[in-house]
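A quick write-up on the structure given underneath.
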Amino acid sequence: MSTTSFAAEEAMRRHLSDLMAIQQLSMPLQIRIDKDSNKGSVLAVVNFPENPGRDCNGIVNFGKVYQLRLDYDHVVALGSTKIMDMLKQKKQEKFRRLLRMEALPAGIDYVLDFTPPLEGEECSELTASLWLPASTKIWWMAGYYKPPASMEFGPREGHLCKRPLADKAVGAVLSLGHDDECPCATTYSDISHLWASADDVAGIYDGKWVPSFRRNIKDYCRLRHCMNIVRILRAIAGEDLLINSATRMWTLAHLALYLDVVPVVRDSITQWFSACPNTKFIEIFPEESFNVALKLRMRDVLLASFRILVNERAVDHAATIPLTKPPAMTWMERQRTDYGDLPEDPIEHASRAFADRMKAKLDSLRGDMAYGMMAIVEWERLQYYCNQIAASPATLLSNPVLRELSEKLSKLKEALLKFLQVHVTNCLAHVSEGRLDSLITAQRDHYCPPHKQTPTDQLLKKLNDYQKACLPFFWYGLKDIFPDFNAFKSRCYQGESIARIAEDFNDKLDEALLGRHLAITPEDFQSHLPTAVPFHFNLKLFYIQLELQLSLLSLQAVGFRDSETEGIQFYMSDHLLLTLEESELKYLPLWAGGFDDGSGGVFQSEVPWTDMGPSEPGPHYHTGHTIASNTGDTDASSTVDYAPTSTFSEINMEDLDLGDYTTARSNVAQDSISTIYAPSQVVSMTSETFTGADDVSMAEAMFAVPAEHQGLGQAVAHYVEGVSDGDQMSETQDGDEAENGDDDEAMDSDSTLSLGTYYDDDDDAALL
Numbered sequence: 000m001s002t003t004s005f006a007a008e009e010a011m012r013r014h015l016s017d018l019m020a021i022q023q024l025s026m027p028l029q030i031r032i033d034k035d036s037n038k039g040s041v042l043a044v045v046n047f048p049e050n051p052g053r054d055c056n057g058i059v060n061f062g063k064v065y066q067l068r069l070d071y072d073h074v075v076a077l078g079s080t081k082i083m084d085m086l087k088q089k090k091q092e093k094f095r096r097l098l099r100m101e102a103l104p105a106g107i108d109y110v111l112d113f114t115p116p117l118e119g120e121e122c123s124e125l126t127a128s129l130w131l132p133a134s135t136k137i138w139w140m141a142g143y144y145k146p147p148a149s150m151e152f153g154p155r156e157g158h159l160c161k162r163p164l165a166d167k168a169v170g171a172v173l174s175l176g177h178d179d180e181c182p183c184a185t186t187y188s189d190i191s192h193l194w195a196s197a198d199d200v201a202g203i204y205d206g207k208w209v210p211s212f213r214r215n216i217k218d219y220c221r222l223r224h225c226m227n228i229v230r231i232l233r234a235i236a237g238e239d240l241l242i243n244s245a246t247r248m249w250t251l252a253h254l255a256l257y258l259d260v261v262p263v264v265r266d267s268i269t270q271w272f273s274a275c276p277n278t279k280f281i282e283i284f285p286e287e288s289f290n291v292a293l294k295l296r297m298r299d300v301l302l303a304s305f306r307i308l309v310n311e312r313a314v315d316h317a318a319t320i321p322l323t324k325p326p327a328m329t330w331m332e333r334q335r336t337d338y339g340d341l342p343e344d345p346i347e348h349a350s351r352a353f354a355d356r357m358k359a360k361l362d363s364l365r366g367d368m369a370y371g372m373m374a375i376v377e378w379e380r381l382q383y384y385c386n387q388i389a390a391s392p393a394t395l396l397s398n399p400v401l402r403e404l405s406e407k408l409s410k411l412k413e414a415l416l417k418f419l420q421v422h423v424t425n426c427l428a429h430v431s432e433g434r435l436d437s438l439i440t441a442q443r444d445h446y447c448p449p450h451k452q453t454p455t456d457q458l459l460k461k462l463n464d465y466q467k468a469c470l471p472f473f474w475y476g477l478k479d480i481f482p483d484f485n486a487f488k489s490r491c492y493q494g495e496s497i498a499r500i501a502e503d504f505n506d507k508l509d510e511a512l513l514g515r516h517l518a519i520t521p522e523d524f525q526s527h528l529p530t531a532v533p534f535h536f537n538l539k540l541f542y543i544q545l546e547l548q549l550s551l552l553s554l555q556a557v558g559f560r561d562s563e564t565e566g567i568q569f570y571m572s573d574h575l576l577l578t579l580e581e582s583e584l585k586y587l588p589l590w591a592g593g594f595d596d597g598s599g600g601v602f603q604s605e606v607p608w609t610d611m612g613p614s615e616p617g618p619h620y621h622t623g624h625t626i627a628s629n630t631g632d633t634d635a636s637s638t639v640d641y642a643p644t645s646t647f648s649e650i651n652m653e654d655l656d657l658g659d660y661t662t663a664r665s666n667v668a669q670d671s672i673s674t675i676y677a678p679s680q681v682v683s684m685t686s687e688t689f690t691g692a693d694d695v696s697m698a699e700a701m702f703a704v705p706a707e708h709q710g711l712g713q714a715v716a717h718y719v720e721g722v723s724d725g726d727q728m729s730e731t732q733d734g735d736e737a738e739n740g741d742d743d744e745a746m747d748s749d750s751t752l753s754l755g756t757y758y759d760d761d762d763d764a765a766l767l
């Protein structure tokens, strides 16, 4: 017997044994095999549906009632809000009534009815969550499909790029695929036939090779629902939790969420996802993987699926006409599915940030500051000469040597920039070829029939430059198709080679230095290669530095796929750029290494620094520079009048008149109550911040030292302190005259300012 067939039969035996162990719970205690395990003061009950069908053991009509005893302390330690609610007195009375238990069995203090609801909103929501996505129903084919041997290695041949088990079928223990209600026993009489060799399975998609009993897996099955509740209860009791199919994984995950016992299943489901080569499920169906990982808080699985979804969506955002909604298929023709509704979508935010980052990188490489960005030392030498020529006391018009040197220098810089721009253009046109192309084709064969595939090079031609910058092919090209030194120095610019242009510049530099037309410091130059003159521009050294920097850029962009820091091996994503930075990863929850603490703040735009802003409730709270008081006449169109600052803005205020109405230097209230006297007029009422009975608080706030950047706020404080009594009385009289001039719009004499006028009850004097 071969190792493969032995492993398959062993997986089938484990599956059948698991079914038998669960069915034991429907038998009377006297005939159970596991008599010793029936200890605990909590009795868990699950009522199975009528006519459940047949299982893989060929047993018809499962037991109707499954009972399992649990330890009370162990149940409470789970911290499940759902179960704790079931332990309450009212729920206990309800369960005993429904289960017709007038008296509890000996040794039982609590009874918990885990039977799925048959109707109501809870039933609808639970059924919807347990509804199987198509991906879980076809994953059993991964156990039959054998990839080509070429997948054993990555795009770079060699031992370091070896990918263990990438060319193997997923083991039967992970993808057996038999449902809890399965008629296979009526079709096959030998256990070995249940996992027969199926070389005709061409991929993980529907085809003629799918047997009838596998075609009829129900989207929702009440029997599957009940059986997996029992599995979770057995796991709570300390029994092993066997997950040997994607359908079982999905059902257990969502039942654990419903029962609030996620820790009971998290480790087992994480192991199912991360076991090689079953990690291909994450890469072929990242939406379903992201959905489960986010709900169950599985960090490694979440990060792996997040990287895939972000890169695929970033290509959409970088399109010439960005699509508001993701298209049905990715650019590589993978069928998209739904990863669930989220209040804030981290994938959308991260993919936009990723697209913007790669766009900025590409623009930098094609711009005049490219070499400066890469910190090429020889380029900095040329920049130094530019600065020295500009700082020379002689003008270019009066000094022909410097003028010619400047022209030679400009031409050399232009030639070098042109070379990089041409290289970047060639890299953008670079397509997958050779081993990388055949490897990507083998990966696509897993989930897409060959006759439906568009060649990768044709798909790449449909993308614009910014979309290509979001993919690895461009970044591979920066290193792979970089010309050798002979080709580099022979490149022509304006009819001359780069080598000739560099020599002309060095010759003219010698002339300028010998004639003392240009003064430079020898210590500024320390060439690492032998050169006739240390001041010369070293073309060979420039080439070496540029080649190194482009190789580093390439490695930084595509190097993540060979990283083992996150525990998930990638086998199917060589067409994607998976290297994310903090600008994208920050949208993940805190437990996954992101910045999302649940408040939603990470999804909001950063608030820019302000030059002006409100100064209440005191100088310590200043957010910007205060505006000096205006002592002029009130203008009805003014939004800031007579007060240090205003919190109101005219933005989106339409016809609302925010003009100040003078009442002893009154203005629009800051952090104060406002009363509308007319539909389009707002006037300030009594501020509750510093006035009233707490005179001490007001005084402290008025004379407190403002923040360091609040120079005007400091000035206002000194002004308030130094106002003479005569000025105060004059201002008060002016304010009173303004009040008497318009009785309909004036406020009562008790009115105060939010930060300014204050009335003393004794002498009615206004203190500023």
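First residue of the sequence shown: 0, per numbering that gives the first Met the number 0; consecutive thereafter. Glycine included, every Cβ here is placed at the ideal spot set by N, Cα and C.
The alpha helix (DSSP H) enclosing Y65, as first and last residue numbers: Y65 -> not in any alpha helix (DSSP H); beta strand (DSSP E) instead, spanning V64 to L69.
Give me the residue from V264, R356 and N310 with the minimum Cα distance to E286. N310
Report yes if the C-beta distance between F472 and H445 is below 8 Å; otherwise report no. Not in contact: F472 and H445 (Cβ atoms no closer than 8 Å).
Restricting to Cα atoms, I'd like to know which of G153, K81 and G119 is closest to I439. The shortest Cα separation from I439 among G153, K81 and G119 belongs to G153.
Quick check on the burial criterion: 16 or more other C-beta atoms within 10 angstroms. Buried or exposed for L87? The sequence given here places Lys at residue 87; Leu does not occur at that position. With fewer than 16 Cβ atoms within 10 Å of its Cβ, K87 is classed as exposed.
Here's the rule I'm using: 16 or more other beta-carbon atoms within 10 Å means buried, otherwise exposed. How should C491 be labelled? exposed
DSSP three-state assignment for V263, whether helix, strand or coil: Here V263 sits in helix by DSSP.
Secondary structure at L508, three-state DSSP: helix, strand or coil? Helix at L508.
Who pairs with F152 in a beta bridge, going by DSSP? K161
What is the residue span of the alpha helix (DSSP H) that D456 lies within? Note, D456: alpha helix (DSSP H), T455 to K460.
Is the beta carbon of C225 closer than 8 Å to that of V44? no
In or out: Q568 buried (at least 16 other Cβ within 10 Å) or exposed? buried
For a test of the three-state rule: what should DSSP assign to C385, helix, strand or coil? Three-state result, C385: helix.
Would you decide whether T625 is buried or exposed? Buried here means 16 or more other CB atoms lie within 10 Å of its CB. Residue placement at T625 is poorly supported in this model, since its pLDDT is 49, which falls under 50; the coordinates are not used for a value here.
Over the uninterrupted alpha helix (DSSP H) stretch that includes L768, give me the two end residues. What the structure shows of the chain is the stretch from 0 to 767, and residue 768 is not part of that stretch, so it cannot be assessed.
If you pair each beta-carbon of the stretch 288-300 with each one of the stretch 243-262, do three or more pairs fall below 8 Å? Contact holds: three or more Cβ-Cβ distances are below 8 Å.
Ends of the beta strand (DSSP E) at Y109? Element bounds for Y109: Y109 to D112.
Host alpha helix (DSSP H) of L173 (start-end): Taken as a continuous stretch (DSSP letters only), the alpha helix (DSSP H) holding L173 covers A171 to S174.
Kindly indicate which three-state DSSP category Y204 falls into: helix, strand or coil? coil
Quick one, which of S405, P482, T269 and K360 has its alpha-carbon nearest D464's? K360
Are there three or more Cβ pairs, one per stretch, closer than 8 Å when the stretch 359-373 is compared with the stretch 418-438? yes
Quick one: what does DSSP say A531 is sitting in, helix, strand or coil? Because A531 carries a pLDDT of 48, less than 50, the predicted location of this residue cannot be relied on, and the following value inherits that uncertainty. In the structure shown, A531 sits in coil (DSSP, three-state: anything other than H, G, I, E or B).
So, using beta-carbon positions, are L517 and I388 closer together than 8 Å? yes
Ordered along the chain, which non-local residues of its own chain (more than five positions away) have a Cβ less than 6 Å from that of Y65? Excluding its 5 nearest sequence neighbours in each direction, Y65 has C-beta neighbours in its own chain below 6 Å: L24, S25, V45 and V229, listed in chain order.
How about S553 and W474: are their beta carbons less than 8 Å apart? yes
Who does P588 pair with in a DSSP beta bridge? P588 pairs with D595.
N-terminal and C-terminal residue of the alpha helix (DSSP H) that V229 is part of: Run containing V229: R221 to I235, per the alpha helix (DSSP H) assignment.
Helix or strand or just coil, what does DSSP make of E653? In this prediction, E653 has a pLDDT of 42, which is less than 50 and means its spatial position is unreliable; nothing more can be read from the coordinates.
Going straight from the alpha carbon of E347 to that of E510, what length do you get? Roughly 59 Å separates the two Cα atoms.
In the stretch 418-483, which residue ranges form an unbroken alpha helix (DSSP H) of at least 4 residues, counting only runs that do not cross its ends? Counting only runs that start and end inside the stretch 418-483, the alpha helix (DSSP H) elements of at least 4 residues fall at 434-443, 455-460, 464-468 and 471-479.
Test item: CB-CB of V200 and Y144 under 8 Å: yes
If we call anything under 8 Å between Cβ atoms a contact, is R335 one with P325? yes
Just the C-alpha distance for L589 and T329, rounded to the nearest angstrom, thanks. A direct Cα-Cα distance of roughly 29 Å separates L589 from T329.
Using the C-alpha atoms, what's the distance from L173 back to L18? 16 Å
Taking all protein chains shown into account, decide if E92 is buried (16 or more other Cβ within 10 angstroms of its Cβ) or exposed. exposed
Got a sec? Which residues, its chain only, sit under 6 Å from V557 by beta carbon, not counting five neighbours each side? P471 and W474
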